[in-house]
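The structure appears right after this line, and notes come after that.
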Amino acid sequence: MSGAHETRREVKAVPAVHQHERHEPSAGTPLSQLAARFRPSQAPWLWSVVGAVLVWLVTAGVFGFGIAGNVVQTALVFAIFMVFVGLGQMLVITAGPGNVDLSIPSAIALSGVVGVQVMKSQDSMIAAGIGVALAVGVLIGLANYLLIRLLRIPPIIATLSSSFIVQSVAITQSRGMPPPPPALQAFSHDRFVGLPDIAWLVLAVSIVLALLLYRTVFGRSLSALGQNARAAWLAGVKVERVRCLTYVLCATFAALTGLLLAAVSGGAALDMGVEYMLISVAVVVIGGTLVTGGRASVAGVWGASMFLFLTNAMLNALGAGAGVRSVVYGLLIIAVVALAGGRPAR
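As numbered in the UniProt record's numbering, residues 1 to 346 make up the sequence shown, in order.
This is the structure in structure tokens:
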């Protein structure tokens, strides 16, 4: 009985905190309210965006604005893939401590290989290839969730183990790989209003995902799950359904990334997703999403992706060796993460 009374007291205490948080921003002038929204604590994504702008300004100062503009155009093609996989990883990490998907590289490889195989270089088969690739992504996401749920395997072990199986399947399907259909390749290189079509596609997906996170029951449920899974369950949130959906969406985003990478590079390859395992986690953390769960940042994923790509491009242009690039790369990531939310230890 004492436990039940304590639970009820905790539940009654929650609305008071939320009410305080809801009325606090109303104080002050509209200008002060706007400034409050862009404080580091309220807008953790801001540091990644500021970092990207600063790196671009340094590039422009060293090489000129013409070259810096070309770097941005390149980033809007290749950094977009970092955004796509980052959005999927963001959903998984937001679901709470320990949640991470390390099967993204193998999901990219298998979906790209199978999708291109189904298309058979024919424009009329593009829809079928996209459908099969998405189905592969859904199956991988479901398999990851079932390993975690039914076998009680930690997510990092479950997704890493499934990645080996998925990669093996991709190897068996990669023989006699045809090139992507001409229409798909044209889409991957065409531009609309000066921006690549791929960038517009990922921007549209990002807007839909942001609305899903901040304006729907699913978004509120995911946030509650990440903050406290037991409290979310007591509040009526279908915890396992939400967690399952995050892994499925993550694998689905990886599947679309595989198709787009195959279209840009002129063919699918088994190693085309290798570099996105750690990058997908880096852009999420640098972008302001809490590693402990409960808070996602779509804008932060965009800012962090551009920041990392522009940093790497600038270091390459300066002729920095692999060791120097790794050191600078790591120091910049640590600096941005510390500014975004780091706290000194007592």
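Even for Gly, the Cβ is constructed at its ideal location relative to N, Cα and C. Remember, predicted model here, so these are calculated numbers, not experimental data.
Residue i to residue j, Cα distance in whole Å?
i, j, result
"Trp200", "Gly330", "30 angstroms"
"residue 353", "Val49", "What is shown of the chain runs 1 to 346, which leaves residue 353 out entirely."
"Val327", "Val283", "17 angstroms"
"Ser162", "Ile130", "22 angstroms"
"Ala52", "Val324", "20 angstroms"
"Leu203", "Ala304", "15 angstroms"
"Leu142", "Val83", "22 angstroms"
"Met306", "Leu54", "11 angstroms"
"Asp197", "Asp190", "6 angstroms"
"Arg241", "Glu275", "30 angstroms"
"Asn316", "Gly115", "33 angstroms"
"Gln227", "Pro155", "17 angstroms"
Please determine, among the options, the residue with the shortest C-alpha to C-alpha distance to residue i.
i, options, result
"residue 350", "Ala254, Leu290, Gly219 and Phe253", "There is simply no residue 350 to check, as the chain begins at 1 and stops at 346 in what is shown."
"Asn99", "Ala183, Leu184, Leu222 and Val166", "Leu222"
"Gly297", "Val274, Leu209 and Ile198", "The sequence given here places Ser at residue 297; Gly does not occur at that position. Here the closest residue by C-alpha is Leu209."
"Val77", "Val274, Arg149, Phe309 and Gly321", "Phe309"
So, for residue i: in the same chain, excluding its five sequence neighbours on each side, which residues have a beta-carbon less than 6 angstroms away from its beta-carbon?
i, result
"Ser280", "Val85, Gly86, Gln89 and Ile104"
Identify the continuous alpha helix (DSSP H) that holds residue i and give its terminal residues.
i, result
"Leu314", "At residue 314 the sequence reads Met, which differs from the Leu that was named. Unbroken alpha helix (DSSP H) run through Met314: Val298 to Ala317."
"Gln122", "It is not in any alpha helix (DSSP H) - Gln122 carries neither H nor E in the DSSP assignment."
"Gly288", "From DSSP, Gly288 is part of no alpha helix (DSSP H); its letter is neither H nor E."
"Arg295", "Note, Arg295: premise wrong, no alpha helix (DSSP H); not H, not E."
"Glu275", "Careful: Glu275 lies outside any alpha helix (DSSP H) and carries neither H nor E."
"Thr172", "Pro155 to Thr172"
"Pro182", "Pro182 to His189"
"Thr216", "Neither: Thr216 is in no alpha helix (DSSP H) and is coded neither H nor E."
"Val264", "Val239 to Ser265"
"Met90", "Phe65 to Thr94"
"Ala320", "Counting along the chain, Ala320 falls outside any alpha helix (DSSP H), and DSSP gives it neither H nor E."
Excluding the 5 residues preceding and the 5 following residue i in the sequence, name in chain order all residues of the same chain whose CB lies nearer than 7 angstroms to its CB.
i, result
"Gly137", "Ala107, Ser111, Ala251, Thr252, Ala254 and Ala255"
"Val166", "Ser103, Ser106, Ala107, Leu110 and Ile140"
"Ala158", "Asn144, Leu147 and Ile148"
"Val71", "Thr59, Leu310 and Ala313"
So, for residue i: in the same chain, excluding its five sequence neighbours on each side, which residues have a beta-carbon less than 8 angstroms away from its beta-carbon?
i, result
"Phe192", "Trp200"
"Gly266", "Pro179, Pro180 and Gln185"
"Ala128", "Val118 and Met119"
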